[in-house]
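Peer 1: Shown below is the structure under consideration.
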Amino acid sequence: MTARYALCILLSILSLAGCAAVDIILSEESDEKTVMSISGSGEFWRSSSCRGCHSKVYSQYAESMHDKSFENPVFQAQYFNEVVPSIKDNASMAEEAKKCIACHTPVSYIKNNGYIVSKDQVNNAMAGVTCDFCHTMTGFTGKEPGNGNYISSPGDVKYGPIPTLTDHHKAYSDFFNKSEFCAVCHNATNHNGIEIKSTFTEWKQSDYAKKNIQCQDCHMNIKGYLTGGQALFESGKVGETNWIQFKDYERLYTHKFPGAHNKKQVEAAISVSISEVNVEGEDMTVTVLVDNTNVGHMMPTGSAELRLLWLELQVKLDNNSLIWVPASSNIASGEKLDIAGISASDAETIGDDIPRGARIYRTVFADTQNKQTFSSYKAAKVLYDNRLNPLEVRKETYNFKLPKHAKNKLTLIVDLKYLPYPTAFSSRLGLKSASQYSLFTAERTLHLKR
């Protein structure tokens, strides 16, 4: 009999016998072996201890960024190389650091009273956003969720979204069905009062909130997004064992939590189309629609100061040569931050990542010196924000001359591309460059009369 199998049997027997406070307490040395102690201390259980009964859910979770939120190299580089060293010169950065850790490895945050200055303080078995942390969260402090203001109640009662009396250690909590649950860590304001993570705010102000479409309806359904405006959920049992009979449920939340780090998720979220083409003599007007109606928040969102979304238009001629068509700025005065490569700061921030002249959708933060920054904790103002709104269809118009070499036909190619973070950011932190990818491509061929 394996140790894990014996553990599951023991937990089941104890729960059926009415024994209270069965907690799995982890030692720093534990690897895949479960170190267990029966106590009333209210300790957190490690995620792998859930696998014995909830193997499918655990497998989903193990693929997620929740599991990897602490080991994420981008987080570790920014936190340990920049945030932590800045604490000695700026007292407010200590609180900023606590907000980071509270959401990237919450159990460690709780165990260390919020102060993590070394990776050695974090037990790898409890790193990241663990199963038990989420399933022992009972609410949040204050008027609004955000900045890791969760209420954590570790113990042998595990809360969840299924309204049933009990099966083993589960208790129902409607909090798990609401976007506020996610908002405790997906909304954040820095020490300068700048809302640096606004996904919940964006959703709350959208028609998705008015229609009662919650975060979980998109990010925890079987597809990871709405299909025809509807969420498609898995059905079945929440667990699989030979000694506990789990009920069948029509609606089960998946636990992969796809988001900005998931290419398939971003691709499914947004689309483009060439809606209209007019040719008058040598003048061409092309109208492109960028469709964000399948998204309940702005695009990009989350760490929006890093996320880059842009639109490219090219014309392919009979000989297969491509002609680049630049976009025109919609900004009357000041820096043309809606067009890549036009602003003086773009040479330093986005460099060659995006072709000069592409329409770009982004948030630009500035520090106290009014200089653009990729460090959200330094943000003192929002210089610019032209991201796509929830449910928005953005209309982009291109005016240009018909290419001289166009003869019988030409093909318009519009491409929407995405980059998780720019090379200037990754180079500064010694990270591998992020891969950019095409989210959606649309084409239209025109036959010319010349």
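According to our numbering, the stretch in the sequence shown is residues 575 to 1024, in order.
Each residue gets a CB set at the ideal place from its N, CA and C atoms; glycine is no exception.
#1: Return yes when the Cβ of Leu962 is within less than 8 angstroms of the Cβ of Tyr992, no when it is not.
#2: Using a Cβ-Cβ cutoff of less than 6 angstroms, which residues in the same chain neighbour Lys955 once the five nearest sequence positions on both sides are dropped?
#3: Measure how close the beta-carbons of Met873 and Ala842 come, nearest whole angstrom, since I'm counting them as under 8 angstroms.
#4: Can you check whether the CB of Ser903 is closer than 8 angstroms to the CB of Gln946?
#5: Strictly by DSSP, which residues pair up with Asp941?
#6: Give me, in chain order, the residues of the same chain whose beta-carbon lies closer than 6 angstroms to that of Asn866; leave out the 5 immediate sequence neighbours on both sides.
#7: What's the gap between the Cα of Ala1008 and the Cα of Ser1000?
#8: Leaving out five residues before and five after Leu1003 in sequence, what residues of the same chain have Cβ atoms less than 8 angstroms from its Cβ?
#9: Measuring alpha carbon to alpha carbon, tell me which residue in Pro737, Ile905, Gly925 and Thr828 is nearest Leu806.
#10: Is Thr710 near Gly688, with beta carbons less than 8 angstroms apart?
#11: Curious, which full-length alpha helix (DSSP H) runs of at least 4 residues does the stretch 766-807 contain?
#12: Beta carbon of Pro929, beta carbon of Glu886: below 8 angstroms?
#13: Just to confirm my understanding: we take Lys890, look at its own chain, exclude 5 residues before and 5 after, and list those with CB closer than 7 angstroms. What are they?
#14: Any chance the stretch 702-716 sits against the stretch 620-627, with 3 or more Cβ pairs inside 8 angstroms?
#15: Which class does Met711 belong to by DSSP, given the choice of helix, strand or coil?
#16: Are Ala762 and Ile770 close, meaning C-beta to C-beta below 8 angstroms?
#17: Please name the residue or residues paired with His835 in a DSSP beta bridge.
#18: Buried or exposed: Arg825, going by 16 or more other Cβ atoms within 10 Å of its Cβ?
#19: Going straight from the alpha carbon of Gly713 to that of Pro996, what length do you get?
Peer 2: If we stick to the structure as given:
#1: Mapped onto the sequence shown, residue 992 falls at position 418. Mapped onto the sequence shown, residue 962 falls at position 388. Not closer than 8 angstroms, so no.
#2: Counted from its first residue, the sequence shown places residue 955 at position 381. For Lys955, where only same-chain residues beyond five positions count, the Cβ hits under 6 angstroms are Ala940.
#3: Sequence index remark: in the sequence shown, residue 873 carries index 299 (1-based). Sequence index remark: in the sequence shown, residue 842 carries index 268 (1-based). The pair is not a contact, with the Cβ atoms about 12 angstroms apart (cut-off 8 angstroms).
#4: Numbered from its first residue, the sequence shown carries residue 946 at position 372. Numbered from its first residue, the sequence shown carries residue 903 at position 329. Their beta carbons are not under 8 angstroms apart, which means Gln946 does not touch Ser903 by this criterion.
#5: As a first step, residue 941 must be located in the sequence shown, where it is residue number 367. Its beta-bridge partners do not exist; DSSP assigns none.
#6: On the sequence shown, residue 866 is found 292 positions in, with the first residue counted as 1. Excluding positions up to five away in sequence, the list reads Ile844, Met873, Leu962 and Glu966.
#7: To locate residue 1008, count along the sequence shown from 1; it is residue 434. To locate residue 1000, count along the sequence shown from 1; it is residue 426. Going from the Cα of Ala1008 to the Cα of Ser1000 covers about 8 angstroms.
#8: Locating residue 1003 in the sequence shown gives position 429, counting from the first residue. Excluding positions up to five away in sequence, the list reads Val648, Ala651, Gln652, Asn655 and Glu656.
#9: By 1-based counting over the sequence shown, the position of residue 806 is 232. When each option's Cα is compared against that of Leu806, the closest is Thr828.
#10: Here residue 710 refers to the residue found at position 136 of the sequence shown. Here residue 688 refers to the residue found at position 114 of the sequence shown. No, the Cβ-Cβ distance between Thr710 and Gly688 is not below 8 angstroms.
#11: 773-778, 781-784 and 789-793
#12: Looking up residue 929 in the sequence shown gives position 355. Looking up residue 886 in the sequence shown gives position 312. It is a contact, given that the beta carbons lie within the stated cut-off.
#13: For this step, residue 890 is matched to residue 316 along the sequence shown. Answer for Lys890: Leu896, Leu984, Thr985 and Ile987, listed in chain order.
#14: yes
#15: The count along the sequence shown starts at 1 and reaches residue 711 at position 137. It is a strand residue.
#16: Locating residue 762 in the sequence shown gives position 188, counting from the first residue. Locating residue 770 in the sequence shown gives position 196, counting from the first residue. Cβ atoms of Ala762 and Ile770: closer than 8 angstroms.
#17: In the sequence shown, the residue the question calls residue 835 occupies position 261. None; His835 has no bridge partner.
#18: The residue you call residue 825 lines up with position 251 of the sequence shown. So Arg825 ends up on the exposed side.
#19: One-based indexing of the sequence shown puts residue 713 at position 139. One-based indexing of the sequence shown puts residue 996 at position 422. Cα to Cα, Gly713 sits roughly 36 angstroms from Pro996.
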